[in-house]
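Notes follow the structure.
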Amino acid sequence: MPTSLGIIAFFAIEGLYLCFINNLEAGFFPALLGSIVIFILTHLIARNWAKQANAPASRVYSLPLPMVFAAIKGTLRRYRKQSTSWRVDDDSPMTGDIRASFQFFDNSWRDMRSLIPEGRLERLITLDVYLTANADGTTTVLLRWNVYSPVCAGECYAIVDETSREIHNSLREREVIESDEGIGCK
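The sequence shown lines up with residues 23 to 208 when you count with the numbering used here.
So this is what it looks like as structure tokens:
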């Protein structure tokens, strides 16, 4: 992604110089500088996405472990993107560990068979959930993501963000419901 955006920026700046100054050679160095800046910025953004997905912070919820476990599994079962949903590969209610995967195929590469012979890319996102019951009745939730995408992983990171947000929103809603009922109050 950073390379392609850098190339696009180069030709866009060159085109602007050609249109307004009518001198293609005058725009070479500004276009080169602009493409390098765009490359560096998009590279930093992509690296930040990967860093957030691989090292998220844990969160504490004032719910018992079995309730958090059920809420997360329910959220994963309900999440759908086009015709694909999360598949819970392994779960252990006793330890509070859940392993899920989200595999989908990107068919948007059909016109680029010279780059990708099959015309489609396989993408895989795995989620490892670690739940820890605390002595005060709260539960610590840690989500660890692993993204496999040969190119353009932005769509995968969008799914990671959406799923994380849905899991945390579901747990917050349950906290509110439990606190309204008088259970799980701190």
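Think of the CB as a built atom: it goes at the ideal place given N, C-alpha and C, for glycine as much as any other residue.
Presumed contact (8 Å Cβ cut-off) between residue i and residue j, rounded CB distance
i	j	result
residue 80	residue 160	With a Cβ gap of about 11 Å, residue 80 and residue 160 do not count as contacting.
residue 32	residue 53	5 Å
residue 196	residue 116	21 Å between Cβ atoms; not a contact.
residue 103	residue 181	6 Å
residue 113	residue 120	5 Å
residue 126	residue 148	In fact, because the Cβ distance is near 13 Å, the residues do not count as touching under 8 Å.
residue 96	residue 155	Actually they are not in contact, since the Cβ atoms of residue 96 and residue 155 sit about 19 Å apart, beyond 8 Å.
residue 26	residue 93	Wrong, their Cβ atoms sit about 40 Å apart, outside the cutoff.
residue 169	residue 179	7 Å
residue 153	residue 51	At roughly 55 Å, the Cβ-Cβ gap does not stay under 8 Å, so residue 153 and residue 51 are not in contact.
Proximal residues to residue i (C-beta, below 6 Å), its chain only, five neighbours per side dropped
i	result
residue 108	98, 101, 122 and 124
residue 206	The predicted model places residue 206 with a pLDDT of 49, which falls under 50 and marks its position as unreliable, so this point remains unresolved.
residue 208	At residue 208 the pLDDT is 44, less than 50, meaning the model places this residue with poor confidence and gives no usable figure here.
residue 184	none
Residue(s) in a DSSP beta bridge with residue i
i	result
residue 91	DSSP, once it has assigned bridges, lists no residue as partnering residue 91.
residue 150	121 and 166
residue 144	127
residue 53	The partner list for residue 53 (beta bridge, DSSP) is empty, contrary to what the question assumes.
residue 102	107
residue 68	DSSP output for residue 68 lists no bridge partner at all.
residue 48	Residue 48 pairs with nothing; no bridge assigned.
Helix, strand or coil at residue i according to DSSP, with G and I counted as helix
i	result
residue 40	helix
residue 173	coil
residue 114	strand
residue 179	helix
residue 26	helix
residue 161	strand
residue 107	strand
residue 79	coil
residue 207	The predicted model places residue 207 with a pLDDT of 44, which falls under 50 and marks its position as unreliable; any figure quoted below should be read in that light. Residue 207: coil per DSSP, three-state reduction.
7 Å Cβ shell around residue i - same chain, five flanking residues per side excluded
i	result
residue 186	165
residue 40	46 and 49
residue 71	179
residue 111	121, 122 and 123
Close Cβ partners of residue i (< 8 Å) along its chain, the five nearest in sequence each way excluded
i	result
residue 28	57, 58, 60, 61 and 64
residue 177	128, 145 and 171
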